[in-house]
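Have a look at the structure below before the remarks.
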Amino acid sequence: MSALTTTVEDGIAVVTFDLPGEPVNKLSDAVKVEFEALLIRLRDDQAIRAAVLISGKPDSFIAGADIDEFSALTTESAAERLSFEGQEMVNRVEALAKPVVAAIHGACLGGGLELALACHYRVATDHPRTQLGLPEVQLGLLPAAGGCQRLPRLIGARAALDMILTGRSERGARALRLGLVDELAPPSILSAAAVAAADRVARQGPPRRSPGGGLQAYFLDRTAAGRRMVYRAAEKRVRARTGGHYPAPLRALDAVRVGLEQGVTAGLAEEHRAFGELAVGEVSRKLVQVFFATAALKKDDGIPPGMAVPRQIRRLGVVGAGFMGAGIAGTAALNVEVDTRLKDADLVRVGKGLKAAGAPLAERLRRKRLTRPQYERLGALLSGGDDYRGFARADLVIEAVFEDLELKRRVLMEVEAVTRPEAIFASNTSTIPIREIAARAERPDRVLGMHFFSPVEKMPLLEVIPTDATAAEAIVTAVRFGRRMGKTVIVVADQPGFWVNRILSPYLNEAAILLTEGVPIEVIDRTMTAWGFPVGPIALLDEVGLDVAQRAGGVMHASFGDRLRPPETLARLLAEGRLGRKNGRGFYRYRDGHKAGADDSVYPLLGVRPVEDADPSVVERRLVYAMLNEAAMAMDDDVVRSPRDGDIGALFGIGFPAFRGGPLRLVDDLTAARVVDVLRDLEDVHGPRFAPAASLLEMDAHGHRYYPA
Ligand code: NAI
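Each residue of the sequence shown is one higher than the last, beginning at 527 in my numbering.
Structure representation (C-alpha cells):
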C-alpha cells in the first residue's frame, strides 16, 4: 500500500500523505523512495503547475523521522548516510521548478518540519494540535536534513537557535509571527487555502519575506558581528542548561554557525557529520531508550491487556483543597476538562483552593495559550464547598487531606457514604500504606493510591498504588485518568516510600550526614548538579519542606531500620523553626522568594565547622551509590514491575539525569561487579548502611543485568 496519493485538478497536484497502518505520518526509507518517484512525476508531468503536500492523518502533518529506523543504525557512517540522503531528498523539493505548498495541520516536527521548510510556501492551521518544531536535541541529535540551514535563513539566527537548541515547538499563530509559516487557516479550509496559495505562487512566484524587527534585529541576525554575539549568548545558555553533559545542542549550534558563515554546503556537511557521530553516541542512545520507555508506558494500563475496561470519569471529587488538592484539581480541569468538585473543612480554605486551582488557567490566559472563552469554560469546571454536595455524581475521588491515618480513614468512610458504589477512591498520601487507609473500607476493591508530586501541574510523574484488594478496573481507571492529566504513570507496590521516595530516602539521608561531617552545603549541591541533577539534595530538602522530609524520613526509618536512619540534621533545623523554602528559612537563605545563597548559620546549629577541602568525588560516590543500592533493594522487593518503570520513575520523579538512563541502567553500565566493589569500600569506611543489596551480589556472581545487553 502506498503512503502518497496524488490528485490533479486545474494544474494543482494535491499529494496526500497517509502512512498505512500508523497513527501518525513518519519519514522512513520506504516513504523516501515514494517521495523520490513523486518528485519526478511533479517535475515531468506537463499538466502539473504546482503541488500541495497535505496529511491524511487527523493529528499529524509529519511527526518526524521513524525513530525505530535510525536507532537500529550501528555505525557512524550508516547514520551519516541516512542524514545525507534526507538532505538530498529535501534539497530536491526545494530545487523543483514548480512550487510546493505545505498544508500543515497537527504535528510538524523534526524531519517533517525540515521538509516543510524546503517547500516554497507554508500554510498552517490555527488549531492547538498544530505544533511546529525541531525536537531532535531531545533525542540527543540535531536537525540534519537541512533544518539547521533553512530555519535560520527563514526566521533569523536568534529565533532559529532558540527553537533548535531547546527542541521547543510552536503553535500556528506564533509560527506565523516568527515567519515560520506564511499563512494561517482554520482546519476546515486548510486544503482549499493551500490550493489557492499554490495557484498564486505558480503565477506570481513566492512572496517576499521581509525580516521585521528594526535595526537591532538587523544587526543581530544579518551581520557577522551581530551573529557572533548571538552564537556566544546561545552557547552560554546551552552550557548552563546542559552542564556539558549533552553534546547535541552544541553540535547543532556549530551546524547553524558554519552554515551561516561559510555557506549552505559547508553547513549541510557539518549537519550530517554531527548526526553520524551523535546517533551512535551514548547520550543519544540513552535518550532514545527513554523515549521508547515513555512511549511504551503510554500504552501500558498497569493491568494485563483486556482484564478490565476503564470507567469514564465525568466528575472528579477532590477532598482537601490545600497545596496538593488544588494542584490536582487545577491540572484535571485544564488537561482532562473534567467537572471537578473541591471539598475542604471550611469555605475560606475552599476559596483559597479554588483560586490556586485556577491559577494555571489564568496563567495560560495571560500567555495567550487559552482564549477568553476557553478560559471561562475550563474555569467553570471548578467548583467547591465545605460539604460533600456534588460528590454523589463523582466517579473518582482523590483525597489530599493532612497526612494522618485516622483522618484519611474517616474521609474515606465519609466519601463511601455519599458516593455511588462504583466510585473509585484514591489517596494522595506520600507515606501511609494504602492498605491501612483501606482497612475499614466498605469497598476496598475501589481504593488505591494516586501519588502525585509537587508542584502537580509541573511534575510529570504519577505513581498509582493498588493494594491486594484493588480491582483491575480501578487500576486501569486511575492509570488512564493520570495519563489524561498529562502524567507518565507507573504502577508501584504498596510499600513504604513507594518507588520514588524509597530511592530518594537514603540519598537525602546521606546528604544530611555529609553536612554533619562539615561538608559545605554548596559543595554537596554543586557536586550533584554537576553530576546532572536539576537541584542538589540539600536544596531539594528545602523545596520539599523540612517538616515533610522529616516525617517521611521517620516513616522510612521505622520501616527499614538502621539503614535508613536519618541523622539529627533536620530535627535541629526544625527546632529553630526552619521549614525550608515555604517559610523562607532552611539550609538556604531566601530573598523575595528567591534562593540567596547557603545559610552559614546552619553550621553552628549542627555544631560543625565547614571543611575546606571536601572531596567532591567522595561526596558524589556516597550519594550516588546510596541511591543505586536502594534502587536494587527496592527491585528485590518488587516495588516496580520492571527496570523500565524504575528508571522512568527516577527520571520523571526526581530528575535523575536522563543521559545516564536511570539508576538501573547505570548499574548495568557500571556492571554489578563494580557497584558491589564500591559499596563494599563505602561499607568499610561508613558502616553497614552501604552493605550491597542481595540482588547485586547475585547479579555480580552470575553476570546478570537489569536490561538485555
Ligand atoms: P495541605 O496542608 O496543603 O492541605 C491539606 C488540606 O486538607 C488542608 O487544606 C486542610 O484544610 C484539608 N483538610 C483537612 N481535613 C479535611 C477534611 N476532613 N475534609 C476536607 N479537607 C480537609 O497539605 P498538602 O501538602 O496538600 O498534602 C496533602 C496530602 O498530599 C498529604 O497526604 C501529603 O502527604 C500528600 N503529598 C504531599 C506532597 C507535597 O509535596 N506537599 C507530595 C505528595 C503527596
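Heads up, the beta-carbon is just placed ideally off N, CA and C, and yes, glycines get one too.
{"Check": "Meets three-Cβ-pair contact criterion under 8 Å: the region 1094-1109 and the region 1063-1073", "Outcome": "yes"}
{"Check": "Helix, strand or coil at His646 [DSSP, three-state]", "Outcome": "coil"}
{"Check": "Boundaries of the alpha helix (DSSP H) in which Ala1152 is found, first to last residue", "Outcome": "1142-1162"}
{"Check": "Integer-rounded CB distance, given that Gly632 should sit under 8 Å from Asp592", "Outcome": "In fact, because the Cβ distance is near 17 Å, the residues do not count as touching under 8 Å."}
{"Check": "Where Lys1121 sits in the DSSP three-state scheme", "Outcome": "strand"}
{"Check": "N-terminal and C-terminal residue of the alpha helix (DSSP H) that Met976 is part of", "Outcome": "Run containing Met976: none in the alpha helix (DSSP H); it sits in the beta strand (DSSP E), 973-978."}
{"Check": "Heavy atom of the ligand HEM within 7 Å of Leu635 beta-carbon", "Outcome": "Looking at this structure, you won't find the ligand HEM anywhere; what it does contain is the ligand NAI."}
{"Check": "Run of the alpha helix (DSSP H) containing Phe801, from where it starts to where it stops", "Outcome": "790-805"}
{"Check": "Reduced DSSP category for Leu922 - H, G, I as helix; E, B as strand; rest coil", "Outcome": "strand"}
{"Check": "Presumed contact (8 Å Cβ cut-off) between Leu1247 and Asp1173, rounded CB distance", "Outcome": "Residue 1247 is absent from the model: the chain starts at 527 and stops at 1235."}
{"Check": "Strand pairing of Leu704, partner residues [DSSP]", "Outcome": "DSSP output for Leu704 lists no bridge partner at all."}
{"Check": "Touching by the beta-carbon criterion (3+ pairs, under 8 Å), the region 789-803 and the region 602-618", "Outcome": "yes"}
{"Check": "C-alpha gap between Leu907 and Thr857, whole angstroms", "Outcome": "11 Å"}
{"Check": "Secondary structure of Val1166, DSSP reduced to three states", "Outcome": "strand"}
{"Check": "Per-residue burial, Phe1024 [other beta carbons within 10 Å of its own, 16 or more giving buried]", "Outcome": "buried"}
{"Check": "Boundaries (first-last residue) of the beta strand (DSSP E) holding Leu1100", "Outcome": "No beta strand (DSSP E) contains Leu1100, which is instead part of the alpha helix (DSSP H) from 1095-1101."}
{"Check": "Start and end residues, alpha helix (DSSP H) containing Ala629", "Outcome": "Where Ala629 is concerned, there is no enclosing alpha helix (DSSP H), although the beta strand (DSSP E) it sits in stretches over 626-630."}
{"Check": "Coarse secondary structure for Phe745, derived from DSSP in three states", "Outcome": "helix"}
{"Check": "Distance between Asn1035 and Asn1029 (C-alpha atoms, nearest Å)", "Outcome": "The question names Asn, but residue 1029 in the sequence shown is Ile. One C-alpha to the other measures close to 11 Å."}
{"Check": "Contacts around Pro899, its chain only, beta-carbon distance under 8 Å, and the 5 residues preceding and following it disregarded", "Outcome": "none"}
{"Check": "Proximity of Asp827 and Asp870 at Cβ, strictly below 8 Å", "Outcome": "no"}
{"Check": "Nearest-angstrom Cβ-Cβ length linking Pro1234 and Ala1152, presumed shorter than 8 Å", "Outcome": "That belief does not hold up - the Cβ atoms of Pro1234 and Ala1152 are roughly 27 Å apart, past 8 Å."}
{"Check": "Per-residue burial, His1230 [other beta carbons within 10 Å of its own, 16 or more giving buried]", "Outcome": "exposed"}
{"Check": "The region 571-579 / the region 626-642 touching (three or more Cβ pairs under 8 Å)", "Outcome": "yes"}
{"Check": "Beta-carbon proximity check, Ala1075 vs Leu1096, cutoff 8 Å", "Outcome": "yes"}
{"Check": "Extent of the continuous alpha helix (DSSP H) run through Gln900", "Outcome": "898-905"}
{"Check": "Cβ contact (3+ pairs, closer than 8 Å) linking the region 1059-1066 and the region 1188-1203", "Outcome": "no"}
{"Check": "Straight-line gap, Tyr647 to Ser609 (C-alpha atoms, nearest Å)", "Outcome": "24 Å"}
{"Check": "Thr1055 vs Phe1178 beta-carbon contact at 8 Å", "Outcome": "no"}
{"Check": "Pair within 8 Å by beta-carbon distance, Leu687 and Val756", "Outcome": "yes"}
{"Check": "Which of helix, strand or coil DSSP assigns to Ser717", "Outcome": "helix"}
{"Check": "Cβ-Cβ distance between Arg1206 and Pro1218 below 8 Å", "Outcome": "yes"}
{"Check": "Opposing strand residues paired with Gln572 [DSSP bridges]", "Outcome": "Answer by DSSP bridge pairing: none, since Gln572 is not bridged."}
{"Check": "In DSSP terms, what Tyr1116 is bridged to", "Outcome": "Lys1121"}
{"Check": "Beta-bridge pairing of Leu868 - partner residues as DSSP gives them", "Outcome": "Val844, Gly910"}
{"Check": "Candidates Ser909, Pro886, Ile958, of which the one nearest Tyr901 by Cα", "Outcome": "Pro886"}
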